[in-house]
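Mapped onto the working numbering, the consecutive letters of the sequence shown carry residue numbers 3 to 394. What follows is a short report on a single structure.
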Amino acid sequence: MLFIFLFTLIITTTFKLIIYFENWLKIVYNIVSMEIKSVELKNFRNYTLQKVGFKSGLNILEGKNAQGKTNLLEAVFLCAIGKSPRTNKEKELLKWNEQMGKVTIEFTKKSGTKKIELYLFSNQNKAIKINGVPIKKLGELMGELNAIYFSPDELKLVKESPDERRRFMDIDLCQFNKNYFYALNKYNKILNQRNKLLKSGNLQSIKETISIWNEQLSEQACYIILKRLELIDKLKVFAERAHYYLTDNQEKMVLSYVGLTDTSKETLKQKLVKLYETSLEKDLNLGYTTVGPHRDDIKIMVNDVDIRHFGSQGQQRSCALSLKLAELEIFKSNLGEYPVLLLDDVLSELDEFRREKLLKIINNFQTLLTCTEYNLNLPANVLKVKSGTVEN
Ligand SMILES: Nc1ncnc2c1ncn2[C@@H]1O[C@H](COP(=O)(O)OP(=O)(O)OP(=O)(O)O)[C@@H](O)[C@H]1O
Ligand SMILES: [Mg+2]
3 MLFIFLFTLI ITTTFKLIIY FENWLKIVYN IVSMEIKSVE LKNFRNYTLQ
53 KVGFKSGLNI LEGKNAQGKT NLLEAVFLCA IGKSPRTNKE KELLKWNEQM
103 GKVTIEFTKK SGTKKIELYL FSNQNKAIKI NGVPIKKLGE LMGELNAIYF
153 SPDELKLVKE SPDERRRFMD IDLCQFNKNY FYALNKYNKI LNQRNKLLKS
203 GNLQSIKETI SIWNEQLSEQ ACYIILKRLE LIDKLKVFAE RAHYYLTDNQ
253 EKMVLSYVGL TDTSKETLKQ KLVKLYETSL EKDLNLGYTT VGPHRDDIKI
303 MVNDVDIRHF GSQGQQRSCA LSLKLAELEI FKSNLGEYPV LLLDDVLSEL
353 DEFRREKLLK IINNFQTLLT CTEYNLNLPA NVLKVKSGTV EN
C-alpha cells in the first residue's frame, strides 16, 4: 500500500516538475503560444467521427492526396474565425448526406483552458458554444482561438486583387479586437444601404438621405482605417525583418497603406465625408460606392519594385511567407502569445533555403503542418491521415 502511495507520489511530482520546468523555460525565453490539445470532428467533410490529439511544437499530418489533411486544418481555422479559408458555403463543410456535424476544439491559452464547439446543420446556420455557453453573435468568437493559415493558395495575397490584402488585414484585426469586427459589419451594412439607394435611381430620395449615409459610413470608415494604419505600422517593421531573414538580407520589403489616411480622427472623418460627397456623381453612374476602406489596399515593394505587378513567382511566394511570419509576431506583440500556425502543403513549394529558415523558427509555437511524406530530420508528433481517419 505504502509502496503504491510512494510510487504515485513520485510519478505525479515528476510530471508536475516537468510541466513547471517547461513553463519556466517558456517564460525565460518569452515563448508563450496558444496550444490545441485536441480536435474532434463529427460529420465534417470526409470525417465521420475522429478525435485527434496534438502536442506542443511541430505536429505533422501526413497522408496521400485526398485523405483529409486540409479538411482538418480547415476545421481548426473555422473555429478560430468562424469562416472556412476555402469556402463561403457553410453547407459544403457538412459531410455529404448528413443532417448535423460538429467540430470540438480544446485548447490552452494564457488565460486558461478553453473549449469551442461548432455545430453545422443542413437546414440552418451554424451554432457555436464557448466553454459550453452558446454565443449570440459571431463577434464573441473573435480572439478566442487565434490561428494563422498558410497554403500555396496564399500567393494570391500578394498577386491578386486588393480584396485579398484587405481580407488579410480584416481577419487579423477581427481576432485582435471584437470592436473591429462589429465596425466592419456595420460599415458593410451601411454600404449596402447606400448602394441600394444609388441603384434605385430615385434622385429625390438620394438628395434627401445621402448625407446621412455619408456621415454614418464615414464614422465606421474612420475607425476601420485608423485600426488598419496601426496594423500596417507594426506589420511593416516585422515584415521587413522577416523578409531580410528569408532572403538572406538580399531583399528589402516595404509595406504601405493605399487609401485615404490621416493621423487625426477628426480630420480623417472630415476628409471621408468629403470623399463620399465628391464621388457621388461617379457612384450614381456606376450604381455603387467607389471610394472608402472597402476599396483600399496594401502596397508591397521589394527593392523599390512593386512586387504585385513585377515580382517573380518565387519573390511573390517569399513575400507572402514574410507577411505570414510578420503576422505571427504581431499576434505575439498585441496579445502576448503566439497563435497556432496552420501550414497546408507549403514545404513542397519552398526551396531548400527558405524551407530550412521556416522550420528553424516554427519551434517557437504550435504548428500543424500537412504533407504527403514527412522526411525531415526534425522531432515532431507525426499523425497519419487516411480516408478521414487519423492515427494518433
Ligand atoms: N462535404 C464533404 N463530404 C464528404 N467528403 C468531402 C466533403 N468535402 C470534401 N470531401 C472529400 O474530402 C477528401 C479529402 O480532402 P482534403 O482536401 O482534406 O484532402 P488532402 O488530404 O488535403 O489532399 P491533398 O494532399 O491533395 O491536398 C476529398 O477527396 C474530398 O472529395
Ligand atoms: Mg490538402
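Cβ coordinates follow ideal geometry from the N, Cα and C atoms, glycine included.
Practice problem: Could you spell out the range, first to last residue, of the alpha helix (DSSP H) harbouring residue 77? | Solution: 71-83
Self-check item: alpha helix (DSSP H) runs wholly inside the stretch 108-168, at least 4 long, in chain order
Solution: Along the length of the stretch 108-168, whole alpha helix (DSSP H) runs at least 4 residues long occupy 158-161, reported in chain order.
Quiz item: When DSSP labels each residue in this structure, what does residue 97 get in the three-state scheme?
Solution: Of the three classes helix, strand and coil, the one that applies to residue 97 here is coil, per DSSP.
Quiz item: Sorry if obvious, but does the Cβ on residue 386 come closer than 7 Å to a heavy atom of ligand 2?
Solution: no
Exercise. Tell me where the alpha helix (DSSP H) around residue 238 begins and ends.
Key: 205-248
Self-check item: Assigned secondary structure, residue 52 (DSSP; H/G/I helix, E/B strand, else coil)
Solution: strand
Self-check item: For ligand 2, residues whose Cβ lies under 7 Å from any non-hydrogen atom
Solution: 71, 72, 346, 347 and 372
Quiz prompt | residue 200 to residue 364 span [Cα, whole Å] | solution = 49 Å
Practice problem: Spatial neighbours of residue 377 within its chain, please: CB distance less than 8 Å, with the 5 preceding and 5 following residues excluded, ordered by chain position. | Solution: none
Quiz item: Name the DSSP beta bridge partners of residue 35, please?
Solution: Residue 35 pairs with 340.
Self-check item: Distance cut-off 7 Å: residue 77 Cβ against heavy atoms of ligand 1
Solution: no
Self-check item: residue 97 Cβ short of 7 Å to ligand 1 heavy atom set
Solution: yes
Quiz item: Just the Cα atoms here: how many angstroms apart are residue 123 and residue 47?
Solution: 13 Å
Practice problem: To the nearest angstrom, report how far apart residue 151 and residue 258 are at their CA atoms. | Solution: Rounded to the nearest whole angstrom, the CA to CA distance from residue 151 to residue 258 is 23 Å.
Quiz item: Should residue 374 be listed as close to ligand 1, given that the test is whether its C-beta is under 7 Å from any heavy atom?
Solution: yes
Quiz item: Taking the C-alpha atoms as reference points, what is the distance between residue 168 and residue 380?
Solution: 35 Å
Quiz item: If residue 108 and residue 40 are in contact, beta carbons under 8 Å, what's the gap, nearest whole angstrom?
Solution: 5 Å
Self-check item: Three-pair Cβ contact test at 8 Å for the stretch 298-305 versus the stretch 97-115
Solution: no
Quiz item: How long is the line joining the alpha carbons of residue 2 and residue 119, rounded to whole angstroms?
Solution: Beyond the ends of the chain as shown, which are 3 and 394, falls residue 2; an answer cannot be given.
Practice problem: Determine which residues share a DSSP beta bridge with residue 361 and list them. | Solution: Note: residue 361 sits in no beta bridge, so no partner.
Exercise. Give the DSSP bridge partners of residue 290, in chain order.
Key: Answer by DSSP bridge pairing: none, since residue 290 is not bridged.
Quiz item: Can the beta-carbon of residue 220 be found less than 8 Å from the beta-carbon of residue 139?
Solution: no
Quiz item: Which whole runs of the alpha helix (DSSP H) in the stretch 298-345 are 4 residues long or more, in chain order?
Solution: Within the stretch 298-345, the complete alpha helix (DSSP H) runs of at least 4 residues fall at 309-312 and 315-337.
Quiz item: Cβ of residue 68 versus every heavy atom of ligand 1: is any distance shorter than 7 Å?
Solution: Yes, the beta carbon of residue 68 sits closer than 7 Å to at least one heavy atom of ligand 1.
Quiz item: residue 99 CB to nearest chain B CB: under 8 Å?
Solution: Checking the listed chains, one finds no chain B in this structure; it contains a single protein chain.
Quiz item: Roughly how far, in whole angstroms, is the beta-carbon of residue 348 from the beta-carbon of residue 63, given that I think they are within contact range, below 8 Å?
Solution: With a Cβ gap of about 13 Å, residue 348 and residue 63 do not count as contacting.
Quiz item: Any idea what DSSP makes of residue 254, helix, strand or coil?
Solution: coil
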